[in-house]
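Chemist:
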Amino acid sequence: KSVKVYFCLSVVALAAVIHFEYKKQKDFYNTMITLQTKPFEVLVLCNFVLVLTDLLCLLFIKFFFGELRTVEVSYLYEQFIQSLVSILIVFYFLSIDITDKKC
10 KSVKVYFCLS
20 VVALAAVIHF
30 EYKKQKDFYN
40 TMITLQTKPF
50 EVLVLCNFVL
60 VLTDLLCLLF
70 IKFFFGELRT
80 VEVSYLYEQF
90 IQSLVSILIV
100 FYFLSIDITD
110 KKC
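If you use our numbering, the sequence shown corresponds to residues 10 to 112, in order.
(1) From residue 99 to residue 34, what distance separates their C-alpha atoms?
(2) Let me know if residue 79 comes out buried or exposed under the rule of 16 or more other beta-carbons within 10 Å of its beta-carbon.
(3) Whether or not the stretch 19-28 and the stretch 53-62 are in contact is what I'm after, with contact meaning three or more pairs of Cβ atoms, one per stretch, closer than 8 Å; do they touch?
(4) Can you name, in chain order, every residue of its own chain whose Cβ lies under 7 Å from the Cβ of residue 16, other than the five neighbours on each side?
(5) Would residue 30 pass as a contact of residue 46 if the rule is Cβ separation under 8 Å?
(6) Among the candidates 102, 44, 89, whose CA atom is the shortest distance from the CA of residue 66?
Next comes the structure, spelled out in C-alpha cells:
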C-alpha cells in the first residue's frame with residue numbers, strides 16, 4: 010500500500026512541477042530546458058524515474074515469474090543490489106580520465 014501511495018505522490022509532484030513551470034515559461038521548449046537545469050525539478054524527475062522503474066520491475070517479475078515466495082523476493086533484491094553496485098563501480102572506473110597518467 011505504501012508503494013502505491015508513494016507512486017501516486019510522485020506522479021502528483023511531477024505533474025505539479027511540469028504545470029508550474031509551463032505556466033511560468035508559457036513555452037514548451039523553455040519549460041523543458043528549465044526542468045533539466047533546476048536542481049529541484051531534476052530531483053523530482055529522477056524520483057519519478059526511479060519509482061517508474063520500480064513499478065516496471067515489479068510488473069516484469071509478476072508477469073514472468075508469477076507469485077514469488079519471500080525467500081525468492083529477497084534473493085532477487087540481493088542480486089539487484091549487487092548488480093547495481095557493480096555497475097556503479099564500473100561507471101566510476103570508466104569515468105576516470107586516463108590521459109593524466111604519465112608513462
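We put the CB at the ideal spot given by N, CA and C, even for glycine. Values in this document were obtained by computation on a predicted structure and should not be read as measured data.
Modeler: Concretely, from the data shown:
(1) To locate residue 99, count along the sequence shown from 1; it is residue 90. To locate residue 34, count along the sequence shown from 1; it is residue 25. Roughly 39 Å separates the two Cα atoms.
(2) If you number the sequence shown from 1, residue 79 lands on position 70. Result: exposed.
(3) yes
(4) Reading the sequence shown from its first residue, position 7 is the one you call residue 16. Around residue 16: 60, 64.
(5) Taking the first residue of the sequence shown as 1, we reach residue 30 at position 21. Taking the first residue of the sequence shown as 1, we reach residue 46 at position 37. Taking 8 Å as the Cβ cut-off, residue 30 and residue 46 do not qualify as a contacting pair.
(6) In the sequence shown, residue 66 corresponds to position 57, counting from 1. Of the candidates 102, 44, 89, the one whose C-alpha sits nearest the C-alpha of residue 66 is 89.
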